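For the protein sequence lines, the chains are A and B, in the order given. Note that the working numbering gives residue 190 to position 190 of the first sequence, counting from 1, and the numbers run on in steps of one. So the working numbering is basically just the index in the second sequence, starting at one, shifted up by 320. Positions of the beta carbon are idealized from the N, C-alpha and C atoms, including for glycine. Remember, predicted model here, so these are calculated numbers, not experimental data. Notes follow once the structure below has been shown.
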Amino acid sequence: MGFATYIAKRLVVAVLLIFVAATLNFAIVHLAPGGPDAVLLNNPRMSPEARASILKSFGLDKPLYEQYALYVIGLITGNWGTSYFFLTPSYMVIAQRIPATLALMIPSLTLTIVIGIGIGVLASRKPFSFADRFLSSFSFFFYAMPAFWLGFVLLTFFSLFLGVLPASGMASVTSTKFQLADYLHHLILPMTTLTLVNLANFSLLMRSSLIEVLEQNYITTARGKGLTEHLIFYRHALRNALLPTVTMVGLFVGFILTGAILTETVFSWPGLGLLTFDSIFRRDYPIILGLFFMFSVMIIFSNLITDIIYGLLDPRITYG
Amino acid sequence: MACWTRESPMDERKETKQTVFSRAAKFLKLYSRDRSAIFGLIFLATLILAASFAFVLYPVDPEKPELASTLFPPSVVHPLGTDYIGRDQLMLIIYGARPSLIIAFAAGAILSLLGTLTGLAAGYFGGKVDGAIMRTADIFLTIPTLPLVLLVVAVLGPNLINVMLVIGLTGWPVMTRIVRSDTLSLMKRDFIEIERVMGAGIRRILFKHLLPNQLNSILVYTSLSIPVVILTEAGLEFLGLAPISVSWGFMLNTSISYWIIGAWWLSFFPGLAIFSTALAFYFVSEGLKAALNPKQRRRQESLVVQLAERK
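If you want it as C-alpha cells, here you go:
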C-alpha cells in the first residue's frame with residue numbers, strides 16, 4: 001500500500017473523529033436541563049407566541065434529527081451560532097483569537113521539545129546517576145504543578161517584585177502596531193510557564209526510550225565494530241529513540257492546549273484560553289461550544305500530522 | 321486433581337504459609353524503603369484528618385465574610401493571611417481540601433471501575449468486543465479532556481456529582497489499556513488454560529483469577545491517576561466552574577484581581593496546596609508500585625508508561 005493511500009486513510013479517520021466531537025457537542029447541549037433553549041427562553045413573562053418565534057428563528061422547533069443535520073451543515077459552512085455576548089457569529093469571534101494562541105503555543109511547544117530532549121539525553125548518558133535523578137526530578141516536580149499557579153508565582157515575582165517583565169497581554173498598551181521585541185518581551189513569562197509544566201512529558205519519555213535503545217543488539221554490534229561512544233550515542237541511539245518521542249508530539253499538543261487555556265487566563269493573553277474563561281463567566285454557550293469544537297479539531301489534526309511525519313521518519317513502517 | 325486445578329498465583333502465595341500479618345509487614349517494609357512515599361502518606365493522612373474535622377478546628381461558617389480583617393498578610397494570628405473578604409486562608413484551605421479530596425477519590429474510583437470492566441471484557445472476549453471497546457477508548461483519548469470537561473460542566477451546571485462523573489467518564493481509557501494488556505498476558509498462562517479445559521465458567525475465570533491477579537496494578541494506576549484528577553478539577557475551579565465555592569481552585573480564581581496590589585498570599589497558598597497534594601499522591605503511588613509490583617522497581621518510569629499507554 002502506498003503512502004498516499006495511508007494518508008487518505010488517516011484523513012478519513014480524522015474526519016470521522018471530528019464528526020464524533022461535533023456529535024458530542026450536540027448531545028451535551030440537548031442533554032442540558034431544559035435543552036438548548038433554556039438560556040434563551042429564561043423569561044417567565046414571555047408569551048407563548050414569542051417563545052415559538054424564538055424557537056423557530058433558531059430552528060429549535062424542527063425534529064431532533066433535522067436539527068442535528070442542520071447543526072453539522074452549519075459547522076462545515078462556518079455557521080456556529082451567534083454569540084450571546086458579542087452578538088456576532090461565534091465562528092468569527094473564535095477565528096480572531098486563533099493567531100494569539102498559536103503565537104504562544106508554537107514557541108512553547110518548540111522550546112519544550114528541544115529542552116525536553118536535551119534533558120532526556122543528559123539524563124540517559126549515565127542512568128540512575130546523580131545528574132539523572134536531579135534532572136528527572138526537576139521535570140517531574142513541575143509536572144505536578146498547576147500551570148495557572150506557576151504562572152501566578154512567576155508573575156508575582158518577575159512583574160510585581162522585580163518589575164522586569166510585563167504582566168499581561170501580548171503587546172504594550174502604548175504600541176499601535178505589531179512589534180517583534182515587544183511581543184517577545186510579553187511572551188517570556190507565559191512561554192516559560194507552559195514549557196516548565198510540560199517538560200516532563202518529553203524529558204522522561206526521551207530518557208526511557210534512550211535507555212531502552214541503548215540496550216538493543218545493534219548498539220552492541222556498533223560497539224563491537226569499534227565505533228566511538230559519541231558516534232554510537234548520537235548517530236545510532238538518539239535517532240532511533242527520537243521516534244517514540246515524535247509520536248507523542250501529537251498527543252502533547254492536547255496537553256499544551258490545556259495548559260494554554262489556563263496560562264492565557266493568568267497572563268491575559270488574548271487567545272482562545274482567555275476567551276474560554278471569559279465565555280464561561282458570561283455564560284456564552286455558543287462560544288463555549290465552538291471552542292470545544294475548535295480544540296478538538298486542533299488536536300485531531302496535530303495527531304494526523306504526527307502520524308504522517310512518523311510514517312516519513314521510520315523506514316520500517318509499511319502502510320498497512 | 322481438583323486440588324491443583326484451583327492453583328493460581330494468588331493461592332500459591334497463601335500456601336507458602338504467609339499470613340495476612342506477614343504480608344502486611346512485607347508490604348510496609350517495601351513501601352517504607354521510599355522516603356518520599358512515607359512523606360506523601362503522612363501529608364495525605366494529615367490533610368484528610370484536618371479536612372474531616374475542619375469544623376472542630378475552625379467552628380465557623382467558611383462562607384461568612386469578616387470585613388474587619390480584609391487582605392491581611394501572613395501573621396501569627398493568620399499564618400497564611402486573609403482573603404479579600406477577610407476570611408482566614410488557613411481555614412479556607414482546610415475546608416477547601418474537601419471538594420478536592422472527595423472528587424479525587426470518587427472520580428478515581430469511577431475511572432478505575434470503568435477501566436477495569438472494559439479492559440477485562442476487551443481482553444477476555446477479544447474479537448469484535450475488543451475492537452469496539454478499544455476504538456471507543458481511542459476516541460476518548462483523542463478528544464481533549466479539559467475542554468470536554470469544561471463544556472459539560474458549563475452546560476450541565478457545576479455540581480459535585482457532575483464534576484466527578486465527567487472527570488471519571490473521560491479518564492477511563494488509560495486504565496482500560498492497562499487492564500486489557502494484563503488480561504491478555506494472563507490468559508496465556510497455564511492455570512487459566514487448565515481452568516478453561518476443566519470447564520470453568522466465565523464468572524469464575526474473570527473474578528476468581530483475572531481480577532484478583534491484577535488488583536495490585538489496578539490499585540497502583542488508580543493512585544497514579546488521582547493527581548491528574550486533582551489538577552483537572554483545580555483547573556475547572558480556577559476557570560470559574562467550582563461546585564463548592566470554598567475550594568482551592570476557586571480561591572485562585574478570585575485572587576486573579578488581587579495580585580496587582582501585592583497580595584501574593586491569596587494565590588500562593590491555595591496553589592501550593594493543590595501542588596503538594598498532587599505531588600503527595602504521586603509519591604504514594606510510587607511507593608505502592610514499589611511495594612506491590614516489586615519486580616518493576618524502576619522509578620519515575622510509571623508516568624511515562626502511563627503516557628505511552630495512552631497512544
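Fill in: Alpha-carbon to alpha-carbon, A/L242 and A/E215
Between A/E215 and A/L242, the C-alpha separation is close to 15 Å.
Practice prompt. Under the assumption that A/F158 contacts A/L189 (Cβ atoms under 8 Å), give the Cβ distance between them as a whole number of angstroms.
Written response: Sure, about 6 Å apart at Cβ, within 8 Å.
Worksheet item: Does DSSP put B/A628 in a helix, in a strand, or in coil?
Response: With a pLDDT of only 40 at B/A628, under the threshold of 50, the placement of this residue in the model should not be trusted; the figure read from the coordinates follows. Of the three classes helix, strand and coil, the one that applies to B/A628 here is helix, per DSSP.
Worksheet item: What separation, rounded to the nearest whole angstrom, lies between the Cα atoms of B/G360 and A/G78?
Response: C-alpha separation (whole angstroms): 50 Å.
Discussion item. Using beta carbons (cut-off 8 Å, strictly below), is B/A628 in contact with chain A?
Written reply: Residue placement at B/A628 cannot be trusted, given a pLDDT of 40 that sits under 50; the coordinates are not used to answer.
Item to complete: Report the rounded CA-to-CA distance for A/L75 versus A/D61, giving the unit in angstroms.
Response: Distance between the alpha carbons of A/L75 and A/D61 is about 19 Å.
Worksheet item: Helix, strand or coil for B/P419 per DSSP?
Response: In the structure shown, B/P419 sits in a helix (DSSP, three-state: H, G or I).
Worksheet item: Where does B/Y444 land, buried or exposed, given buried means 16+ other C-beta within 10 angstroms?
Response: Flag for B/Y444 reads buried.
Fill in: Cβ-based burial, A/I119 [other Cβ within 10 Å; buried from 16]
Result: buried.
Practice prompt. Tell me whether A/D284 sits in a helix, a strand or coil according to DSSP, three-state version.
Written response: If DSSP states are grouped into helix, strand and coil, A/D284 belongs with coil.
Worksheet item: Can you check whether the CB of A/I232 is closer than 8 Å to the CB of A/R223?
Response: A contact, by the Cβ cut-off of 8 Å.
Worksheet item: Whose Cβ in chain A lies nearer than 8 Å to the Cβ of B/I459?
Response: Neighbourhood of B/I459 in chain A, by CB distance below 8 Å: L17, V20, in chain order.
Worksheet item: Got a sec, what are the start and stop residues for the alpha helix (DSSP H) A/E66 sits in?
Response: Counting along the chain, A/E66 sits inside the alpha helix (DSSP H) bounded by residues 64-77.
Worksheet item: What is the DSSP secondary structure of A/T82, reduced to helix, strand or coil?
Response: It is a strand residue.
Worksheet item: Relative to the alpha-carbon of A/Q67, which residue among A/A95, A/R97, A/Y91, A/H30 has its alpha-carbon at the smallest distance?
Response: Nearest C-alpha to A/Q67: A/H30.
Worksheet item: Alpha carbon to alpha carbon, how far is B/L400 from B/L410?
Response: So the alpha carbons of these two residues sit roughly 6 Å apart.
Discussion item. For A/V246, which residues in the same chain have their Cβ closer than 7 Å to its Cβ, ignoring the five residues on either side in sequence?
Written reply: Here the set comprises T306, I309, Y310, L313.
Worksheet item: So what does DSSP say about B/D408, is it helix, strand or coil?
Response: Strand, per DSSP.
Discussion item. With the cut-off set at 8 Å, would you say B/L539 and B/L434 are in Cβ contact?
Written reply: Judged by beta-carbon spacing, B/L434 lies beyond the 8 Å limit of B/L539, meaning their Cβ atoms are not closer than that value.
Practice prompt. Return the chain-ordered ranges of every alpha helix (DSSP H) run that is complete within the region 461-490 of chain B and spans a minimum of 4 residues.
Written response: For the region 461-490 of chain B, whole alpha helix (DSSP H) runs of length 4 or above, ordered along the chain, are 465-476.
Practice prompt. State buried or exposed for B/K609, treating a residue as buried only when at least 16 other CB atoms are found within 10 Å of its CB.
Written response: Looking at its Cβ environment, which holds 16 or more other Cβ atoms inside 10 Å, B/K609 is buried.
Practice prompt. Going by DSSP, name the residue or residues bridged to A/P127.
Written response: DSSP output for A/P127 lists no bridge partner at all.
Discussion item. Would you say A/W149 lies against chain B (beta-carbon separation less than 8 Å)?
Written reply: Chain B has a Cβ within less than 8 Å of the Cβ of A/W149.
Worksheet item: Does the beta-carbon of A/T101 have 16 or more other beta-carbons within 10 angstroms, so that it is buried, or is it exposed?
Response: Under this definition A/T101 is a buried residue.
Practice prompt. Please confirm if B/I362 has its CB atom under 8 Å from at least one CB of chain A.
Written response: The C-beta of B/I362 comes no closer than 8 Å to any C-beta of chain A.
Discussion item. Runs of 4 residues minimum, wholly inside the region 137-173 of chain A: which ones carry the alpha helix (DSSP H) assignment?
Written reply: For the region 137-173 of chain A, whole alpha helix (DSSP H) runs of length 4 or above, ordered along the chain, are 147-154.
Discussion item. What does DSSP give as the partner residue(s) for B/T436 in the beta ladder?
Written reply: In the DSSP output, where bridge partners are listed per residue, B/T436 has none listed.
Discussion item. Contact criterion: CB-CB distance below 8 Å. Does A/S302 meet it with respect to chain B?
Written reply: Not an interface residue.
Discussion item. Just to make sure I have the definition right: I need the residues of chain B whose C-beta is within less than 8 Å of the C-beta of A/Y285. Which are they?
Written reply: Near A/Y285 (Cβ distances below 8 Å), the residues of chain B are A474, V475.
Item to complete: Give a yes or no on whether the minimum CB-CB distance between A/P190 and chain B is below 8 Å.
Response: Interface annotation, A/P190: not in contact with chain B, CB-CB separation never under 8 Å.
Fill in: Given 8 Å, three or more beta-carbon pairs between the region 438-454 of chain B and the region 571-578 of chain B
Cβ pair count under 8 Å is below three, so no.
Fill in: Neighbour flag for B/T462 against chain A, beta carbons, 8 Å
Under the 8 Å criterion on CB atoms, B/T462 is classed as interfacial with respect to chain A.
Practice prompt. Could you check if A/R283 is buried or exposed, using at least 16 other CB atoms within 10 Å of its CB as the buried criterion?
Written response: Exposed.
Practice prompt. State buried or exposed for B/A441, treating a residue as buried only when at least 16 other CB atoms are found within 10 Å of its CB.
Written response: By the neighbour-count rule (16 or more Cβ atoms within 10 Å), B/A441 is buried.
Discussion item. Check whether the region 498-511 of chain B and the region 521-537 of chain B are in contact - that is, three or more C-beta pairs closer than 8 Å.
Written reply: A contact is defined here as three or more CB-CB pairs under 8 Å, and the region 498-511 of chain B meets this definition with respect to the region 521-537 of chain B.
Fill in: Residues, ordered as in the chain, of the region 523-557 of chain B that lie near chain A by beta-carbon distance below 7 Å
Within the region 523-557 of chain B, the residues whose Cβ lies closer than 7 Å to some Cβ of chain A are P547, L551, A554, G555, listed in chain order.
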